[in-house]
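Below: one structure, written as structure tokens.
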Amino acid sequence: MARVIVDVMLKPEILDAQGQAIARALPRLGFSGVSAVRQGKRFEVEIDGPADEAALAEVRKMAETLLANTVIEDYTVTAES
Amino acid sequence: MSAARVGVVIFPGTLDDQDAARAVRHAGGEAVPLWHADPDLKGVDAVFLPGGFSYGDYLRCGAISRFAPLMEELIPAARAGLPVLGTCNGFQILCEAHLLPGALMRNAGLHYICRDQGIRVESTATPWTSDFTEGQEIVLPIKHGEGRYVADQETLSAIEANGQVVFRYVGGNPNGSLNDIAGIRNEAGNIVGLMPHPEHAVEDLTGAPSTDGRGFFTSVLKKLVNL
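Residue numbers (the working numbering), protein chains in the order written: chain W, 1370 to 1450; chain X, 80 to 306.
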């Protein structure tokens, strides 16, 4: 068993309305010095075998097909150590 | 002559299928319910993808629906020229399926919007808009939380240059859509998606702001009869 992490973030040029709302809320709560917030998604994918290159390639395919919409989002795939 | 048959797709969480079916019948067509889990288009002449919250909008709006068994039939048929209209969640599904360019995201103000909205018809070169005139302003209800149309600059320039923008918001942009885009079509023109709801604006009786939605259904039925 191994765990593979897929992080999905909006592409930099896409307006992140939710991230902006969070950034605006932080100073109201007393957190200062925050210049921007971007919100994304994290997927923890449990796989049966080891997180070898073949397994990572398979997870990349999952990310490309379903987990991310590559029209608006970028993703990264990493094996959890 | 038998009536043209328009399929109305139902996913778990679809809300507007009854209004869509009624609007088809109101215009003189036969509405054929198409179940998401049944990979069978039942020989329909056109397909309406109604709004709602298919699969609870989990992951992204339309992301799960796009892989429903019915979609395996619908996607190639649409690519081959079958007239398809998606409204609201249906528009989101068409974008997720890459049948239409771009994507729909959370409204710029993050609020769910439910109101009557002015829309300008920019293209009548689709089977769903031929009964309108170019530049005509109509009023339809909108009701969505994720209707902000986005595309990369290259895609946006291309759809503008190709005349693929079919509807634009007028009297204010409700959701932050790029270029005030309310609806678009594919290059061939047979697939149209828009956030506003023509199926809710076909009869005065229901308190609709207009009956401007009728034009979508009369357009496609005329097209199908004249094929």
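Here a beta-carbon is modelled for each residue, glycine too, at the ideal position from N, C-alpha and C.
Check whether the Cβ of residue i lies closer than 9 angstroms to any Cβ atom in chain W.
i	result
M184 (chain X)	yes
F146 (chain X)	yes
P180 (chain X)	yes
C167 (chain X)	no
E109 (chain X)	no
D136 (chain X)	no
V229 (chain X)	yes
Q243 (chain X)	no
R264 (chain X)	no
A187 (chain X)	yes
R158 (chain X)	no
A142 (chain X)	yes
G251 (chain X)	no
H279 (chain X)	no
R199 (chain X)	no
H177 (chain X)	yes
Q215 (chain X)	no
C193 (chain X)	no
Q232 (chain X)	yes
G78 (chain X)	Outside the displayed span of chain X (80 to 306) sits residue 78 (chain X), for which this structure offers no information.
R84 (chain X)	no
R139 (chain X)	yes
Considering only DSSP beta bridges, list what residue i is partnered with.
i	result
T234 (chain X)	Answer by DSSP bridge pairing: none, since T234 (chain X) is not bridged.
D195 (chain X)	X:P220
G131 (chain X)	X:T93
P112 (chain X)	X:V87
M274 (chain X)	Its beta-bridge partners do not exist; DSSP assigns none.
E1379 (chain W)	Note that residue 1379 (chain W) corresponds to Leu in the displayed sequence, not to Glu. BP columns for L1379 (chain W) point to W:E1442.
Does any residue of chain X have a CB that is nearer than 9 angstroms to the CB of residue i?
i	result
L1435 (chain W)	yes
I1441 (chain W)	yes
A1390 (chain W)	yes
I1416 (chain W)	no
I1383 (chain W)	yes
K1430 (chain W)	no
A1394 (chain W)	no
A1386 (chain W)	yes
Would you call residue i buried or exposed, if buried means 16 or more other Cβ atoms sit within 10 Å of its Cβ?
i	result
L1398 (chain W)	exposed
G108 (chain X)	buried
C167 (chain X)	buried
N305 (chain X)	exposed
A240 (chain X)	exposed
S256 (chain X)	buried
P1381 (chain W)	exposed
P275 (chain X)	buried
M1370 (chain W)	exposed
P277 (chain X)	buried
V1417 (chain W)	Note that residue 1417 (chain W) is Asp in the sequence shown, not Val. Flag for D1417 (chain W) reads exposed.
A1405 (chain W)	exposed
V1473 (chain W)	Beyond the ends of chain W as shown, which are 1370 and 1450, falls residue 1473 (chain W); an answer cannot be given.
L1395 (chain W)	exposed
Measure the CB-CB distance between residue i and residue j and report whether it falls below 9 angstroms.
i	j	result
D1376 (chain W)	R1411 (chain W)	yes
R1372 (chain W)	A1432 (chain W)	no
L149 (chain X)	H115 (chain X)	yes
G169 (chain X)	G122 (chain X)	no
F127 (chain X)	G165 (chain X)	yes
F90 (chain X)	Y134 (chain X)	yes
T297 (chain X)	A106 (chain X)	yes
V271 (chain X)	V163 (chain X)	yes
V245 (chain X)	T285 (chain X)	no
Q377 (chain X)	S202 (chain X)	In the structure as shown, chain X starts at 80 and stops at 306, and residue 377 (chain X) therefore has no counterpart that could be examined.
P220 (chain X)	P288 (chain X)	yes
G226 (chain X)	N258 (chain X)	no
R247 (chain X)	I217 (chain X)	no
A1448 (chain W)	L1425 (chain W)	yes
P253 (chain X)	Q215 (chain X)	no
Check whether the Cβ of residue i sits closer than 8 angstroms to any heavy atom of the ligand FMN, and report yes or no.
i	result
L1436 (chain W)	With respect to the ligand FMN, the structure shown offers nothing to examine, as it has no ligands at all.
(message) Three or more C-beta pairs under 8 angstroms: does that hold for the region 97-104 of chain X against the region 190-200 of chain X?
(response) no
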